[in-house]
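Notes to accompany the following structure.
Numbering (the working numbering), first residue to last: 24 to 410.
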């Protein structure tokens with residue numbers, strides 16, 4: 024599981040940069056809507072162009088990203104510069120021709136899906152049919168058709184009549200990768216619900232409820248906070264599901280609701296520090312998780328720009344660090360270890376020395392190769408398996 028920074032096909036460079044959202048202001052609610060992007064989801068590729076969905080707190084957009092390496096020259100009614108020609112000066116008919124040009128990547132908005140969420144959007148997920156997608160906020164989940172922008176269907180609504188009775192919020196939602204009628208959503212109370220859209224139009228009643236009971240002997244003030252699920256991902260095979268809470272990653276069998284089949288501690292050494300993490304709001308950080316293409320490995324982020332990988336078959340795990348100091352060509356990432364107490368070995372770092380401002384919240388794994396991407400603050404790191 025050692026990783027190196029050398030990509031198989033040479034160095035990575037920026038393919039395209041474009042502004043997805045602009046700052047807005049909701050005058051009815053006197054609320055400023057930031058331009059920051061909450062989620063990006065790719066659609067399955069059907070032609071030479073790429074399509075993706077991006078969302079900020081309120082508005083979802085469908086983008087087309089395409090390459091252009093040819094241009095048309097020899098128009099009859101206008102010059103190549105775009106200036107219209109005087110019809111009186113046109114004395115001959117020309118056949119326009121295609122000429123090669125320097126490669127240009129264009130990003131154009133194809134659809135804008137707005138005005139459907141009262142609360143901040145936290146998830147979007149494209150269905151396996153590639154025709155519909157869902158969007159979720161704290162209290163509702165909507166179903167959209169990619170071709171229709173002015174209409175969506177509310178498929179989950181957990182908003183109580185009296186908001187004082189609110190006990191949980193939706194934290195993440197995702198479609199099943201193979202069954203277009205199934206989706207899951209997680210909550211701040213540590214539960215995951217699987218819903219079947221064939222049963223009813225409004226999926227207020229779940230088909231399955233995945234929940235692990237707390238151990239009363241270890242319950243504390245922070246138990247409910249750290250049990251809140253920040254991310255949920257169904258495996259590529261469609262058989263398993265992974266959830267990330269503050270302290271652990273859990274793997275569930277979709278056929279067994281009572282308890283996870285695997286539990287992986289991410290940073291157990293932080294448990295004695297939960298009080299200080301609560302005071303500086305780090306305990307509310309939302310870490311994502313991801314599957315490898317074969318579902319054998321899982322990955323998630325941690326503090327100090329550490330990220331964790333777990334080998335489900337060999338029952339092995341490793342902690343690696345994404346840093347500018349070590350992200351050099353042909354550098355093999357060395358496993359990092361965190362120790363508790365004053366005594367530490369040469370290659371270990373004390374838990375008291377961890378930088379909680381450096382955190383890896385977003386991770387991704389290539390669907391076919393052992394290439395991973397981790398986002399650390401304003402930097403994106405790409406690592407691949409040692410060749």
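Using N, Cα and C, we set each Cβ at its ideal position, and we do this for glycine too.
- Boundaries of the alpha helix (DSSP H) around residue 300: 297–302.
- Pairing residue 79 with residue 57 gives a Cβ-Cβ distance under 8 angstroms.
- Its chain contains 155, 157, 175, 176, 178 as the residues whose beta carbon lies nearer than 7 angstroms to that of residue 166, once the 5 sequence neighbours on both sides are disregarded; these appear in chain order.
- In this chain, residue 43 is not harboured by any alpha helix (DSSP H), its DSSP state being neither H nor E.
- Residue 243 sits exposed, since fewer than 16 C-beta atoms from the chains shown fall within 10 Å of its C-beta.
- Unbroken beta strand (DSSP E) runs of no fewer than 3 residues, entirely contained in the segment 277–346, are found at 285–288, 312–314, 320–324, 329–334, 339–344, following chain order.
- Under DSSP, residue 156 shares a beta bridge with 149, 167.
- In this chain, residue 215 is not harboured by any alpha helix (DSSP H); it is covered by the beta strand (DSSP E) spanning 215–219.
- Between the segment 299–319 and the segment 252–260 there are three or more C-beta pairs closer than 8 angstroms, enough to call the two in contact.
- A direct Cα-Cα distance of roughly 50 angstroms separates residue 365 from residue 140.
- For residue 248, the enclosing alpha helix (DSSP H) has its first and last residue at 246–250.
- Secondary structure at residue 138: coil, using DSSP grouped into helix, strand and coil.
- With contacts defined as CB atoms closer than 8 angstroms, residue 387 and residue 298 fail to qualify as a contacting pair.
- Shown here, residue 241 sits in a helix according to DSSP, grouped into three states.
- In the three-state reduction of the DSSP assignment, residue 376 falls in the helix class.
- Contact between the segment 187–197 and the segment 207–217 is established, with three or more Cβ pairs separated by less than 8 angstroms.
- Secondary structure at residue 119: coil, using DSSP grouped into helix, strand and coil.
- For residue 89, the enclosing beta strand (DSSP E) has its first and last residue at 83–96.
- Secondary structure note for residue 184: it is in no beta strand (DSSP E), with a DSSP letter that is neither H nor E.
- Rounded to whole angstroms, the Cβ separation of residue 65 and residue 77 is 10 angstroms, and the two are not in contact under 8 angstroms.
- In the structure shown, residue 111 adopts helical secondary structure according to DSSP, grouped into three states.
- Taken atom to atom, the span from the alpha-carbon of residue 393 to that of residue 404 is near 14 angstroms.
- Within the same chain, 121, 122, 123, 124 come within 7 angstroms of residue 93 by CB-CB distance, once the 5 residues on both sides are set aside.
- In the three-state reduction of the DSSP assignment, residue 371 falls in the strand class.
- By the neighbour-count criterion, in which a residue is buried when 16 or more other Cβ atoms sit within 10 angstroms of its Cβ, residue 283 is buried.
- Short of 8 angstroms from the beta carbon of residue 285, and not among the five residues preceding or following it, lie these beta carbons of its own chain, in chain order: 273, 274, 335.
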